[in-house]
Amino acid sequence: MARPRAFDETAALDAATDCFWRSGYAATSVRDLGAAMGLGAPSLYNAFGDKHALFTRCLDRYLDGNMRARIRRLESTLPPRAAIERFLEEVVARSLADPRGCLLVNTALEVAPHDAAIAELVADRLSELEGFFHRCLSVGQRDGTIAARRPARDVARLLLTTIMGLRVLARAHPEPALLKGAARQALSLLDPAAPD
Numbered sequence: 001m002a003r004p005r006a007f008d009e010t011a012a013l014d015a016a017t018d019c020f021w022r023s024g025y026a027a028t029s030v031r032d033l034g035a036a037m038g039l040g041a042p043s044l045y046n047a048f049g050d051k052h053a054l055f056t057r058c059l060d061r062y063l064d065g066n067m068r069a070r071i072r073r074l075e076s077t078l079p080p081r082a083a084i085e086r087f088l089e090e091v092v093a094r095s096l097a098d099p100r101g102c103l104l105v106n107t108a109l110e111v112a113p114h115d116a117a118i119a120e121l122v123a124d125r126l127s128e129l130e131g132f133f134h135r136c137l138s139v140g141q142r143d144g145t146i147a148a149r150r151p152a153r154d155v156a157r158l159l160l161t162t163i164m165g166l167r168v169l170a171r172a173h174p175e176p177a178l179l180k181g182a183a184r185q186a187l188s189l190l191d192p193a194a195p196d
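Just so we're aligned, residue 1 is where the sequence shown starts under full-length UniProt numbering, counting upward by one.
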């Protein structure tokens with residue numbers, strides 16, 4: 001009969017996520033992870049698999065609790081245009097508040113170019129974000145609250161690019177006026193009354 005786990009899995013995953021987020025994937029060793037999680041290497045491997053499997057689980061859990069939760073909240077509580085605006089506002093605020101940046105963006109820059117499985121995971125998650133923008137834009141264009149001059153798919157991709165750019169820019173130059181100004185310009189494309 002298998003023994004029950006003698007550790008708090010949620011706390012262990014939180015600690016591992018923080019290690020990866022703070023130091024990056026390559027610079028985080030299994031020893032670092034074990035120390036942060038309060039687990040020896042054998043226990044870590046038995047519970048979570050290798051470093052790659054643990055990282056994948058941490059990244060997916062981070063995205064479920066952040067990006068996906070935010071999308072669900074905004075889509076269920078706000079009209080489409082307001083949901084997009086609030087998403088960008090929250091990205092700017094989070095970018096300024098947390099010097100570690102976004103774990104998804106950090107992963108896209110550090111790990112994805114060298115790891116096909118992680119690259120696929122990142123691409124899938126970015127597609128989810130693009131899908132959120134596309135759904136909001138399509139509805140807003142139909143009801144007249146969002147400009148219909150440009151294809152919704154193209155604007156969704158521009159908003160995705162804006163999010164990624166804001167997150168990267170905030171790491172190097174966390175200036176509120178800069179980030180807010182960039183977000184404001186992207187959002188100006190939504191205004192039905194704005195000139196072309």
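Ideal placement from N, C-alpha and C gives every residue a C-beta, glycine not left out. This structure is a prediction, so every number in the text was calculated from the model and none was measured.
Nearest-angstrom Cα distance between L166 and G40?
38 Å
Per DSSP, what kind of secondary structure is P4 in: helix, strand or coil?
Confidence is the limiting factor: at P4 the pLDDT is only 48, short of 50, which leaves the residue's position unreliable, though a coordinate-based value still follows. The answer is coil: DSSP assigns P4 none of H, G, I, E or B.
Rounded to whole angstroms, how far is the Cβ of L104 from the Cβ of L63, which I believe are closer than 8 Å?
About 6 Å separates the two Cβ atoms, so the contact holds.
So, at 8 Å on beta carbons, what are the nonlocal neighbours of residue 200 in its own chain, with the 5 sequence-adjacent residues on each side left out?
Nothing in the structure corresponds to residue 200, since the chain is present only between 1 and 196.
Reduced DSSP secondary structure (H/G/I, E/B, other) of S188:
Three-state DSSP puts S188 in a helix.
G101 versus V168: straight-line alpha-carbon distance, rounded
Approximately 8 Å between the Cα atoms of the pair.
Return the first residue and the last residue of the alpha helix (DSSP H) that G34 is part of.
V30 to M37
By alpha-carbon positions, which one of P174, E175, F132 and S188 ends up nearest to L78?
Closest option to L78, Cα to Cα, is F132.
Answer with buried or exposed for H52, where buried requires no fewer than 16 other C-beta atoms within 10 angstroms of its C-beta.
exposed
Note the first and the last residue of the continuous alpha helix (DSSP H) segment covering V168.
A152 to A172
On the criterion of 16 or more Cβ atoms from any shown chain inside 10 Å, does P4 qualify as buried, or is it exposed?
Any reading at P4 is ruled out, since the residue's pLDDT is 48, under 50, leaving its predicted position unreliable.
Expressed to the nearest angstrom, what Euclidean distance is found between the alpha-carbon atoms of C19 and A183?
30 Å
Suppose the cutoff is 7 Å on Cβ atoms and the five residues either side in sequence are ignored; what does the same chain contact list for C58 look like?
L13, A16, T17 and F20
Using the C-alpha atoms, what's the distance from T162 back to E175?
Taking the Cα positions, E175 is about 16 Å away from T162.
Pull up the distance between the alpha-carbon of L74 and that of A116, whole angstroms please.
31 Å
In whole angstroms, what separates the C-alpha of V91 from that of P42?
38 Å
With a threshold of 16 other CB atoms inside 10 Å of the CB of H114, please say whether the residue is buried or exposed.
exposed
Do Y25 and V111 come within 8 Å of each other at the CB atom, strictly closer than that value?
Their beta carbons are under 8 Å apart, which means V111 touches Y25 by this criterion.
Grouping DSSP H, G and I as helix and E and B as strand, with all else coil, what is Y62?
helix
The alpha helix (DSSP H) with V105 in it runs from where to where?
L103 to E110
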